[in-house]
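In the numbering used here, the protein residues as written are -6 to 166. These notes concern the structure reproduced below.
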């Protein structure tokens, strides 16, 4: 009998809540889905990208990953290991005034998330453009792994993501 891994159970929990927000509540539009088995390093990755319904300036992504070690520890029932996976959140948007907007984003992320590790903002642009539009990817990586004990936290986490999307929309050009 096949028992789903912690990764699979968390993936399904995120899918259920996010697809309900898309199809039933119409609060978001899911725009991309990744469900990958990386054969080179035997890891798993799942990601769902979405944006506020009817909006397109800011996207959000929830990403779960499980390394070979994470999966092996669970499947082989290693003693002293707690089955878990990594969670990362990303938001992407365009900017015109990098210094001003990045500072506002940093403060807003701190207020909403109160993270142990500050969010990182990665800025890119096309060199040589006369009036560049900057792309900003804001990433929250959590200092600890998650497991099924955090299943009840998913709804609150998604609410925080929706709040972040709304605030970032206000800051977008």
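We put the CB at the ideal spot given by N, CA and C, even for glycine. Small disclaimer: the values here were computed from a predicted structure and weren't measured.
(message) Assuming residue 65 is part of the alpha helix (DSSP H), what are its boundary residues?
(response) Residue 65 sits at position 72 when you count from the first residue of the chain shown. Taken as a continuous stretch (DSSP letters only), the alpha helix (DSSP H) holding residue 65 covers 61 to 68.
(message) Looking only at its chain, what residues have a beta carbon closer than 7 Å to the beta carbon of residue 135, apart from the 5 residues adjacent to it on each side?
(response) Counting from one through the chain shown, the residue named residue 135 turns up at place 142. Here the set comprises 80.
(message) Rounded to the nearest angstrom, what separates residue -6 and residue 67 at their Cα positions?
(response) Position 1 of the chain shown, counted from the start, is the residue given in the question as residue -6. Position 74 of the chain shown, counted from the start, is the residue given in the question as residue 67. Interpretation of residue -6 is limited by its pLDDT of 48, a score under 50 that renders its predicted location unreliable; the figure taken from the coordinates is listed afterwards. Rounded to the nearest angstrom, the two C-alpha atoms are 15 Å apart.
(request) Would you grab the beta carbon distance between residue 82 and residue 55 for me? Rounded to a whole angstrom, and I think it's under 8 Å. (result) Counted from its first residue, the chain shown places residue 82 at position 89. Counted from its first residue, the chain shown places residue 55 at position 62. Taking the Cβ atoms as the reference, residue 82 lies roughly 6 Å from residue 55, within the contact range of under 8 Å.
(message) Using 8 Å as the threshold, is the C-beta distance between residue 141 and residue -1 below it?
(response) Within the chain shown, residue 141 is the residue found at index 148, counting from 1. Within the chain shown, residue -1 is the residue found at index 6, counting from 1. Cβ atoms of residue 141 and residue -1: closer than 8 Å.
(message) Classify residue 117: buried if its beta carbon has 16 or more other beta carbons within 10 angstroms, exposed otherwise.
(response) Start at 1 with the first residue of the chain shown, and residue 117 comes out as number 124. Exposed is the call here.
(request) Give, in chain order, every unbroken run of the alpha helix (DSSP H) that is at least 4 residues long and sits entirely within the region 78 to 131. (result) 91 to 106
(message) Between residue 15 and residue 22, how many whole angstroms is the CB-CB distance? I'm expecting something under 8 Å.
(response) On the chain shown, residue 15 is found 22 positions in, with the first residue counted as 1. On the chain shown, residue 22 is found 29 positions in, with the first residue counted as 1. Yes, they are in contact, since the Cβ atoms of residue 15 and residue 22 sit about 6 Å apart, within 8 Å.
(request) Note down the Cα distance separating residue 70 from residue 40, rounded to an integer number of angstroms. (result) The sequence position of residue 70 within the chain shown is 77, counting from 1. The sequence position of residue 40 within the chain shown is 47, counting from 1. In a straight line, the C-alpha of residue 70 is about 26 Å away from that of residue 40.
(request) Excluding the 5 residues preceding and the 5 following residue 26 in the sequence, name in chain order all residues of the same chain whose CB lies nearer than 6 Å to its CB. (result) The residue you call residue 26 lines up with position 33 of the chain shown. Hits under 6 Å: 41.
(request) Identify every residue that forms a DSSP beta bridge with residue 52. (result) Within the chain shown, residue 52 is the residue found at index 59, counting from 1. Looking at the DSSP assignment, residue 52 forms a beta bridge with 85.
(request) Give the secondary structure of residue 8 by DSSP, where H, G and I count as helix, E and B as strand, and everything else as coil. (result) Within the chain shown, residue 8 is the residue found at index 15, counting from 1. Looking at residue 8 - three-state DSSP - the assignment turns out to be helix.
(message) By the three-class DSSP mapping on this structure, what secondary structure does residue -6 have?
(response) Sequence index remark: in the chain shown, residue -6 carries index 1 (1-based). Reliability of the predicted coordinates at residue -6 is poor, the pLDDT of 48 falling under 50, and the value obtained from them is presented with this limitation in mind. Coil, per DSSP.
(request) Count the other CB atoms, across all protein chains shown, that sit within 10 Å of the CB of residue 59; report buried if there are 16 or more and exposed otherwise. (result) Stepping through the chain shown from its first residue, residue 59 is reached at position 66. Per the 10 Å Cβ criterion, buried.
(message) So for residue 46, helix, strand or coil by DSSP?
(response) Locating residue 46 in the chain shown gives position 53, where the first residue counts as 1. Reduced to three states, the DSSP call for residue 46 is coil.
(request) For the alpha helix (DSSP H) holding residue 24, just list the boundary residues, first then last. (result) To locate residue 24, count along the chain shown from 1; it is residue 31. No alpha helix (DSSP H) contains residue 24, which is instead part of the beta strand (DSSP E) from 21 to 31.
(request) Check residue 34 in the structure and name its three-state DSSP category. (result) As a first step, residue 34 must be located in the chain shown, where it is residue number 41. Three-state DSSP puts residue 34 in coil, outside helix and strand.
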